[in-house]
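Chains as they are written, first to last, in our numbering: chain V, 25 to 475; chain Z, 3 to 145.
Heads up, the beta-carbon is just placed ideally off N, CA and C, and yes, glycines get one too.
Okay, so here's the structure we're looking at.
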Amino acid sequence: MSVFVIAILLAVLAGIIFTLIGLISGSDETAILVPSTLIVVLLGAPPEAVFAFFMSAILAKHLTHAIPTALMGVPGDTLAAPMLEHANFMRRIGLPHIALRKMISGGIIGAFIALPVALLFAVFLSQFGTFFQENAGIIFTCAAILIGYFSKGRWVSILLIVPLALVIQGLNLVSSTILGSGLSISFFLGIAIGPLLTDLLIATSRSARPLIERTKPNEYKLAPEQKSWSGYFPNPFKVLTKKQASAVGGTSFLSSLTFALSPVGMTSLMGELIGSRIKGQYKKSTTSLATMNGVTESTYVAETIIPLVAFGIPLSPVAIGPAQALFNAPPVFTTEPLHNLHTMMEPLDFLIYGLIGLVIASVIAYPFSMNYARKATVFVLKRINQEAIIGMFIGIVCLLAFYEGGLVGITVTFAMAMVGGMLNRFLGVGVGVQFMIFYGSSWIISTLIGL
Amino acid sequence: MTKGSMKAEETEKFVEVIGDTVSGKHLISTIMISIALSLAGFFIGKNIFPHIAPEEMVQSYSLLLGIAGSLLALLLNTFLFKPKRTLNEVPSTSDEIGEVYKKLQFDIEEERESILEDPVIRKEMKEQGIYDMFIKNEGDKRK
């Protein structure tokens with residue numbers, strides 16, 4: 025099979041799977057995208073196809089994460105959180121379906137603007153690539169400090185950089201002594217599922233359990249759809265007004281040039297920037313929602329492409345989170361020595377296969393969310409239990425960790441998840457900071473105490 | 003993982019895990035089933051594929067079989083247990099818009115003004131059939 029065909033098939037697969045996953049509220053991007061991408065990489069898919077898969081996955085997921093956000097008032101994932109306020113207003117006045125259509129149409133426009141813009145910017149930045157690669161250790165450490173400062177925990181995140189680096193290097197030393205080679209997937213899977221594992225650990229602790237104990241099941245409210253629409257594949261430019269489309273275009277363009285800022289931060293910033301100039305709550309909310317969902321797409325696309333094309337090392341919040349496996353998925357992709365999509369693909373390949381991913385995801389997720397949003401939400405809420413979803417994640421994580429390092433891999437993953445999850449939950453040391461520390465840890469420890 | 007929580011679960015108690023309520027006992031079962039089936043798939047693959055597949059693909063194919071195990075576990079668990087959520091489908095949102103605005107501390111008059119001023123929004127609202135909600139009947143559609 026040619027690379028082209030595999031890319032299309034994988035993009036279709038990602039489009040279908042992630043359209044469905046987007047429906048599940050609260051599904052964390054990193055915890056889901058990292059293992060799925062890893063699977064595709066480890067199964068031996070060519071790099072172009074992996075890239076098309078990833079692009080399709082993020083677009084599909086971000087189009088459908090608007091569904092729980094708009095219809096139920098539950099954020100589809102962390103990126104949807106800034107949109108809740110406006111979405112809730114629209115739901116209160118009984119127009120969640122309009123909110124949804126504005127969001128999805130904004131999202132699709134945002135993604136298609138971001139791909140070429142980010143790619144051009146990345147090509148420009150790539151002249152500084154060697155500098156970044158040679159100083160990766162110190163850059164990751166500085167990034168850990170910077171992200172740590174802006175994380176919920178603030179000073180504690182900075183204070184714990186060295187101790188956490190020591191813990192990681194210690195675990196690494198133990199595991200490489202036993203196995204003869206270092207682990208990597210096991211570590212970042214551990215960081216990614218940390219928050220989930222913490223909830224499970226709390227549930228098993230007699231003293232901590234009351235923290236998350238509930239006496240009745242969660243209640244979800246779902247407003248009825250007022251007016252359905254005709255036609256199967258709607259034109260996003262017709263769903264948005266001209267002003268809204270240009271607001272989406274402008275903010276998506278701007279946010280495609282930023283690659284070091286948090287996507288959640290950019291989303292709220294751009295939404296605020298546009299929304300604050302508009303009079304009338306209906307207009308303000310619909311425009312802000314379209315803009316914000318556009319920005320969630322564009323930052324995601326840009327923050328994946330820029331570090332990937334320009335540097336080859338994960339230097340953005342998305343790259344160290346959900347896009348992780350495009351940079352580092354040993355033994356197939358590695359950052360040290362640099363051998364990943366950065367070295368294996370030309371900028372033109374990124375454009376072609378990125379477009380394949382985006383187009384396919386649009387064809388699958390866009391009409392689906394426009395036409396069947398409500399039915400799908402009811403199905404997920406009524407039929408799919410949360411226990412089964414959690415179980416599947418744990419199963420997949422164990423499988424991948426076992427694949428990398430047998431029982432040692434599983435143990436390392438859970439040790440890492442225990443430490444990282446607790447730090448995240450109780451001290452606000454975010455997952456991004458932990459990933460940065462993971463990447464900087466060998467430099468930090470060898471520089472400070474010598475290893 | 004220890005299951006010291008068994009005693010604490012008398013009748014109907016739930017724990018909230020990544021944003022949704024689950025039953026502790028069911029969760030333990032689903033996790034066990036899922037881990038077992040995933041790793042079983044992987045091991046079966048490791049034993050079978052060396053006979054039928056090229057050597058360098060054995061790891062990957064086994065991984066794929068493991069993933070199939072995880073998906074099977076998802077299906078099985080979906081049939082075994084019921085979701086612990088309640089869904090409240092409000093039959094009709096004839097919520098009085100003006101009241102909602104007041105509650106949210108927005109100005110309905112300013113809203114009407116901005117709609118009347120803007121032909122594009124007016125057209126959009128008419129197409130969606132929501133124009134009357136805002137303009138004609140003081141926001142009070144049929145109760």
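Should residue i be flagged as near chain V, meaning a C-beta pair shorter than 9 Å?
i, result
"LYS128 (chain Z)", "no"
"GLU57 (chain Z)", "no"
"ASN49 (chain Z)", "no"
"ILE33 (chain Z)", "yes"
"ILE46 (chain Z)", "no"
"ILE54 (chain Z)", "no"
"ILE181 (chain Z)", "Residue coverage of chain Z in this structure runs from 3 to 145, which leaves residue 181 (chain Z) outside it and unanswerable."
"MET135 (chain Z)", "yes"
"TYR103 (chain Z)", "yes"
"SER96 (chain Z)", "Here SER96 (chain Z) scores only 43 on pLDDT, less than 50, and its place in the model is too uncertain to base an answer on."
Report back the beta-carbon spacing between residue i and residue j to the nearest angstrom; my notes put them in contact at under 8 Å.
i, j, result
"ASN364 (chain V)", "ALA90 (chain V)", "Wrong, their Cβ atoms sit about 31 Å apart, outside the cutoff."
"SER210 (chain V)", "GLU428 (chain V)", "5 Å"
"ALA20 (chain V)", "LEU195 (chain V)", "A query on residue 20 (chain V) cannot be resolved here, the shown segment of chain V reaching from 25 to 475 and no further."
"GLY172 (chain V)", "ILE163 (chain V)", "GLY172 (chain V) to ILE163 (chain V), Cβ: 14 Å. No contact."
"LEU89 (chain Z)", "LYS406 (chain V)", "6 Å"
"THR93 (chain V)", "THR43 (chain V)", "Going by Cβ atoms, the distance from THR93 (chain V) to THR43 (chain V) rounds to 15 Å, so no, they are not a contact pair."
"THR401 (chain V)", "MET96 (chain V)", "7 Å"
"ALA35 (chain V)", "GLY26 (chain Z)", "Not really, about 39 Å apart at Cβ, beyond 8 Å."
"SER393 (chain V)", "LEU264 (chain V)", "That pair is no contact at about 15 Å."
"PRO287 (chain V)", "PRO338 (chain V)", "Incorrect: roughly 14 Å between the Cβ atoms, too far for contact."
List the residues of chain Z that residue i touches, going by C-beta distances under 9 Å, in chain order.
i, result
"TYR396 (chain V)", "Under the 9 Å cutoff, chain Z gives no residues; its nearest Cβ is about 16 Å from TYR396 (chain V)."
"VAL402 (chain V)", "LEU89, GLU91"
"PHE426 (chain V)", "SER40, LEU41, PHE44, GLY68"
In chain Z, which residues lie with their C-beta within 7 Å of the C-beta of residue i?
i, result
"MET416 (chain V)", "SER36, SER72, ALA75, LEU76"
"THR239 (chain V)", "LYS15"
"ASN259 (chain V)", "Correct list: empty, because the minimum Cβ distance to chain Z is about 14 Å."
"ASN242 (chain V)", "ASP22, THR23, ARG87"
"PHE113 (chain V)", "LEU106"
"ASP223 (chain V)", "VAL19, ILE20"
Could you work out which residues of chain V lie near residue i, taking near to mean beta carbons separated by less than 8 Å?
i, result
"VAL60 (chain Z)", "Within chain V, no residue comes near VAL60 (chain Z); the closest Cβ sits about 12 Å away, beyond 8 Å."
Could you list which residues in chain Z have their beta carbon closer than 8 Å to that of residue i, in chain order?
i, result
"THR265 (chain V)", "VAL122, ILE123, GLU126"
"GLY68 (chain V)", "MET59, SER62"
"LYS406 (chain V)", "PRO85, LEU89"
"ALA227 (chain V)", "SER7, VAL17, VAL19, GLY26, LEU29"
Could one say the Cβ of residue i lies closer than 9 Å to chain B's Cβ atoms, at least one of them?
i, result
"PRO85 (chain Z)", "This model lacks chain B altogether, as its protein chains are V and Z."
Can a CB atom of chain Z be found closer than 9 Å to the CB of residue i?
i, result
"ARG301 (chain V)", "no"
"LYS176 (chain V)", "no"
"ASN409 (chain V)", "yes"
"PRO219 (chain V)", "yes"
"ILE91 (chain V)", "no"
"TYR256 (chain V)", "no"
"ALA412 (chain V)", "yes"
"ILE420 (chain V)", "yes"
"ALA31 (chain V)", "no"
"ILE236 (chain V)", "yes"
Give me the chain V residues within the contact set of residue i, using Cβ-Cβ distance strictly less than 7 Å, ordered along the chain.
i, result
"ILE132 (chain Z)", "LEU119"
"GLY68 (chain Z)", "LEU423"
"GLU113 (chain Z)", "GLY304, GLN305, TYR306"
Scan the segment 12 to 30 of chain Z for residues whose Cβ lies nearer than 8 Å to a Cβ of chain V and list them as they occur along the chain.
-> GLU14, LYS15, PHE16, VAL17, GLU18, VAL19, ILE20, GLY21, ASP22, THR23, VAL24, SER25, GLY26, HIS28, LEU29
Which full runs of the alpha helix (DSSP H) of 4+ residues lie inside the segment 175 to 229 of chain V, going along the chain?
-> 179 to 183, 185 to 203, 209 to 228
Length at least 4, wholly inside the segment 33 to 107 of chain V: the alpha helix (DSSP H) runs in chain order = 53 to 66, 71 to 88, 90 to 96
Start-end ranges of the alpha helix (DSSP H) lying completely within the segment 137 to 171 of chain V, minimum 4 residues | Fully enclosed alpha helix (DSSP H) runs of 4 or longer: 153 to 158.
Could you give the uninterrupted runs of the beta strand (DSSP E) lying entirely in the segment 13 to 56 of chain Z, keeping only those of 3 residues or more?
-> 16 to 19, 22 to 24
For the segment 431 to 461 of chain V, which residues have a CB atom closer than 7 Å to at least one CB atom of chain Z, in sequence order?
-> Answer in chain order: no residues at all.
Closer than 7 Å, Cβ to any Cβ of chain Z: which residues of the segment 369 to 382 of chain V, in chain order?
-> From the segment 369 to 382 of chain V, no residue has a Cβ closer than 7 Å to chain Z.
Length-filtered (4 minimum) alpha helix (DSSP H) runs lying within the segment 254 to 283 of chain V = 260 to 263, 266 to 280
Report the residue ranges of all alpha helix (DSSP H) runs contained in full by the segment 307 to 342 of chain V; include only those spanning at least 4 residues, in chain order.
-> none
When Cβ atoms are compared, which residues of the segment 121 to 151 of chain V fall closer than 7 Å to chain Z?
-> ILE122
With 8 Å as the limit, tell me which residues of the segment 53 to 80 of chain V have their beta carbon closer than that to any beta carbon of chain Z; keep them in chain order.
-> ILE63, LEU66, LEU67, GLY68
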